[in-house]
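Count along the sequence shown from 1, then add 29; that gives the number in the numbering used here.
Beta carbons: idealized from backbone N, C-alpha and C, even for Gly.
I have placed the structure first, in the form of structure tokens, so that the comments after it can refer back to it.
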Amino acid sequence: MPKHNADIAAIFEEIADLLEIQGANPFRIRAYRNAARMLSELPQEVSQLLQQSMDLTELPGIGTDLAAKIKEIAESGHCSLLDRLHTELPPAIAELLKIPGLGPKRVKALYHDLDVQTVEQLYRAARDGRIRVLPGFGEKTENNILQAIEAHADPVRRFKLVVAAQYAEALEKFLAAIPGVTHVITAGSYRRMRETVGDLDILVTAAAADANQAVRQFTNYDEVADVLSAGITRASVVLNCGLQVDLRVVKAECYGAALHYFTGSKAHNIAIRHMAQQQGLKINEYGVFRDKTSIAGGTEASVYAAVGLAYIPPELRENCGEIAAAKTGRLPTLIERSDLRGDLHAHTQATDGHNSLREMALAGLSQGLEYLAITEHSRKLSFVHGLDTVRLLQQCDEIDQLNTELKGITLLKSIEVDILEDGNLDLPDSVLERLDMVVGAVHSGFNLSRAKQTERILRAMQHPHFTLLAHPTGRLIQRREPYDVDMLRIIREARKRGCFLELNAYPERLDLLDTQCRMAKEEGVLISINSDAHSIYDFANLRFGVGQARRGWLEKNDVLNTRSIQELRPLIQHTMSL
Ligand code: DGT
Ligand code: CA
Ligand code: CA
30 MPKHNADIAA
40 IFEEIADLLE
50 IQGANPFRIR
60 AYRNAARMLS
70 ELPQEVSQLL
80 QQSMDLTELP
90 GIGTDLAAKI
100 KEIAESGHCS
110 LLDRLHTELP
120 PAIAELLKIP
130 GLGPKRVKAL
140 YHDLDVQTVE
150 QLYRAARDGR
160 IRVLPGFGEK
170 TENNILQAIE
180 AHADPVRRFK
190 LVVAAQYAEA
200 LEKFLAAIPG
210 VTHVITAGSY
220 RRMRETVGDL
230 DILVTAAAAD
240 ANQAVRQFTN
250 YDEVADVLSA
260 GITRASVVLN
270 CGLQVDLRVV
280 KAECYGAALH
290 YFTGSKAHNI
300 AIRHMAQQQG
310 LKINEYGVFR
320 DKTSIAGGTE
330 ASVYAAVGLA
340 YIPPELRENC
350 GEIAAAKTGR
360 LPTLIERSDL
370 RGDLHAHTQA
380 TDGHNSLREM
390 ALAGLSQGLE
400 YLAITEHSRK
410 LSFVHGLDTV
420 RLLQQCDEID
430 QLNTELKGIT
440 LLKSIEVDIL
450 EDGNLDLPDS
460 VLERLDMVVG
470 AVHSGFNLSR
480 AKQTERILRA
490 MQHPHFTLLA
500 HPTGRLIQRR
510 EPYDVDMLRI
520 IREARKRGCF
530 LELNAYPERL
540 DLLDTQCRMA
550 KEEGVLISIN
560 SDAHSIYDFA
570 NLRFGVGQAR
580 RGWLEKNDVL
590 NTRSIQELRP
600 LIQHTMSL
């Protein structure tokens, strides 16, 4: 297939780029660039000139070698030189040239000095401060690179907390078994229970003599794909899955200071350091110092105490008011997993769950739950066999029967009823009023305008039987943005109607968001932390919901399902009486 001039020019440009990254003769490189420019400006297609048997060396800047290459490309569609270059250089390196500010010279330096071959490696190198030290780069260039990559969609994968947990827990176990290692803890955003994690920051304690052994074993861990750097007390690796892990080994007497430093957030650390400075103290990952004397650092509590603060739990460390609260004794006593006494959102195999009513009940019981609401989808969701009136009533009978047999856990009759686009519910009142509670959820029409979406949900909540709004924003982490809705109005309506909002603990949802939990708390609306379990294993996800709730400053009292079933019943009574 004959190539157009522009195609040939592009091939020459790529050849010039790759030659430049390889450090080829500048004259040779310039010849390809000139030829590319000439070709792109040539009014006549070279393929036609060739058909007319024109001698291409008559074109400006084209010698016999380039003429042969043009002919090769025009006739065969590819160029053997470029094919060869592709085998000599890493395939993704040309991608680097697309980053604004990175020409072949800089890519060459990055490749030769830092072994950077992909955009992802470039991002890591910039983030870790390894680029600024290269000749001709500097901090500003490094920042520009970082920003340019971040401006591209999804440059480097962040990992969902639940996924990061699988890798972190396995690694912690591996590290804990290394001789000489005493403490192992994953700090960073992971410890702060962020929804997604950029990389893992693992801290271990060991005596100075054992540090290097720990680092070496770490870099030899089975799943390590790439060692980015390795020193005496620290290393960075990338696992096969693409997750970066930074390891730091510290002495036990620095543990608290190091843990505080590597837990972050950066904004929190900066604010604490600033506070320390005002008190004539210096704070870093080795301790808190007055002049040269260490006054704290063995534990995190000692670090906070040294600057006059109560211990701040990691989930609050975002510099969003936690420091002022710690100063004045107003820190919340955050909810814990063991505070949860029930779960108000679960499915069975009657719709898209995998287990029977009985199996779900027994699994809930084994997870310490005293009650479990069964909330199948309603008929509109026909693709998951959503329940109609008849099937729902049938399930109610089964639950009544099962409740007479079960000990230690009560099943609540409920439904995850679809909120239709007009705000009506997908099942008639006559059946909803038979239930212990009604959970409503949006499963379609995500793109309604903010005004319409808000009205839709408010209308649903005004329904006399409505109890709880499930996954209130509809977002799926890294897959679907929240729908546009006025959450404050919804929260205020919930307050008015005596309804509740869910914090869905499904790892892909974690919905309500942390800031919205805080908003609900301020408005006095209780949140229900629910598993949305579709199998007996999903109750384990409640811990991620609790983590998110803690990020939202929630205390035991702010959470509906910390109540006993006796306390719960009057709260979920139909709101019709209001
Ligand atoms: P990530 O990994 O993007 O999910 O977020 P983090 O918070 O884990 O951030 P990372 O891995 O870059 O750094 C881990 C912690 O180290 C961070 O939370 C706070 C601390 N840290 C990193 N860079 C700085 C810094 O420049 N100044 C201070 N004070 N702390 C820093
Ligand atoms: Ca991190
Ligand atoms: Ca890190």
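Which listed residue (E171, E552, P501, D561) has its alpha carbon closest to that of H406: That would be D561, whose Cα lies nearest to the Cα of H406.
For A286 and V332, which I take to be in contact (beta-carbon distance under 8 Å), what is that distance rounded to the nearest angstrom? 6 Å between Cβ atoms; contact.
According to DSSP, simplified to helix, strand and coil, what is P184? With a pLDDT of 48 at P184, under the threshold of 50, the predicted position of this residue should be treated as unreliable, though the coordinate-derived value follows. DSSP places P184 in coil when its eight states are reduced to three.
Roughly how far, in whole angstroms, is the beta-carbon of M389 from the beta-carbon of A375, given that I think they are within contact range, below 8 Å? Contact annotation, M389 with A375: C-beta distance approximately 6 Å; criterion of less than 8 Å satisfied.
Under three-state DSSP, which class holds Q273? Per DSSP, reduced to three states, the secondary structure at Q273 is strand.
How should M490 be labelled, buried or exposed, when 16 other C-beta atoms within 10 angstroms of its C-beta is the threshold for buried? Burial call: buried.
Can you find the residues in the same chain that come closer than 8 Å, C-beta to C-beta, to P184, ignoring five residues on each side of it along the sequence? Because the pLDDT of P184 is 48, which lies under 50, any placement of that residue in the model is unreliable, and the number read from its coordinates should be weighed accordingly. Correct list, in chain order: V148, E149, Y152, I178.
Would you call the region 36 to 44 in contact with the region 60 to 75, where contact means no fewer than 3 C-beta pairs closer than 8 Å? Yes, they touch.
With DSSP as the reference, identify every bridge partner of G316, one or two as the case may be. In the DSSP output, where bridge partners are listed per residue, G316 has N313.
Of all the options L272, G92, R263, which has the alpha carbon lying nearest to the alpha carbon of V253? The candidate whose alpha carbon is nearest that of V253 is L272.
Note down the Cα distance separating L102 from H33, rounded to an integer number of angstroms. According to the sequence as given, residue 102 is Ile; it is not Leu. Rounded to the nearest angstrom, the two C-alpha atoms are 10 Å apart.
Hey, L530 and A549: beta-carbon distance below 8 Å or not? A distance below 8 Å separates the beta carbons of L530 and A549.
Spatial distance of N590 from D513 (CA atoms): For the pair N590 and D513, the Cα-to-Cα distance works out to about 27 Å.
Pull up the DSSP beta-bridge partners for A259, would you. Looking at the DSSP output, A259 shares a beta bridge with A264.
S459 - DSSP class collapsed to helix/strand/coil: Look at S459 here: in three-state DSSP terms it is helix.
6 Å CB neighbourhood of A355 in its chain, flanking five on each side removed: For A355, where only same-chain residues beyond five positions count, the Cβ hits under 6 Å are L338, A339, I341.
Please state whether the Cβ-Cβ distance between L310 and V279 is less than 8 Å. Judged by beta-carbon spacing, V279 lies beyond the 8 Å limit of L310, meaning their Cβ atoms are not closer than that value.
Which residues in the same chain as N384 place their Cβ atom closer than 8 Å to its Cβ, once the five residues preceding and following it in sequence are excluded? Within the same chain, and ignoring the five residues on either side of N384 in sequence, the residues whose Cβ sits closer than 8 Å to its Cβ are T377, Q378, A392, S564, I565.
Kindly provide the ranges of any beta strand (DSSP E) runs that are 3 or more residues long and lie completely inside the region 492 to 558, ordered along the chain. Counting whole runs of 3 or more residues, the region 492 to 558 contains the beta strand (DSSP E) stretches 529 to 533.
Spatial distance of A300 from R220 (CA atoms): Straight through space, the alpha carbons of R220 and A300 are spaced by roughly 19 Å.
Pair every Cβ in the region 472 to 483 with every Cβ in the region 429 to 438, then say whether three or more of these pairs are closer than 8 Å. Remark: fewer than three beta-carbon pairs, one from each stretch, lie closer than 8 Å, so the region 472 to 483 and the region 429 to 438 are not flagged as touching.
On a CA-only basis, which of T502, R524, H500, L464 is nearest R598? Give me that one, please. The shortest C-alpha to C-alpha distance from R598 to any of T502, R524, H500, L464 is the one to L464.
Put E124 into one of helix, strand or coil per three-state DSSP. DSSP places E124 in helix when its eight states are reduced to three.
Who pairs with S323 in a beta bridge, going by DSSP? Bridge partners of S323: F318.
For Q545, is the classification buried or exposed, using 16 other Cβ atoms within 10 angstroms of its Cβ as the cut-off for buried? Around the beta carbon of Q545, 16 or more other beta carbons sit within 10 angstroms, so the residue counts as buried.
Pull the bridge partners of L440 from the DSSP assignment, please. Residue pairing by DSSP places L440 opposite L401 in a beta bridge.
Can you tell which of T86, S105, E104 has its C-alpha closest to the C-alpha of A96? Out of T86, S105, E104, T86 has the C-alpha closest to the C-alpha of A96.
Which word fits H303, buried or exposed, when buried means at least 16 other C-beta atoms lie within 10 angstroms of its C-beta? By the neighbour-count rule (16 or more Cβ atoms within 10 Å), H303 is not buried but exposed.
Do V467 and A499 have their C-beta atoms within less than 8 Å of each other? For V467 and A499, no; Cβs fall outside 8 Å.
Residue span of the alpha helix (DSSP H) that contains I565, given as start and end: No alpha helix (DSSP H) contains I565, which DSSP labels as neither H nor E.
Give the secondary structure of L47 by DSSP, where H, G and I count as helix, E and B as strand, and everything else as coil. In this structure, L47 counts as helix in the three-state DSSP scheme.
Do you know offhand how far T502's Cα is from R524's? For T502 and R524, the distance between alpha carbons rounds to 18 Å.
Can you tell me which of the three DSSP states T380 falls into? Reduced to three states, the DSSP call for T380 is coil.
Within the region 202 to 258, ranges of the alpha helix (DSSP H) (whole runs, at least 4 residues): As summarised for the region 202 to 258, the continuous alpha helix (DSSP H) elements at least 4 residues long and confined to that stretch are 217 to 220, 237 to 248, given in chain order.
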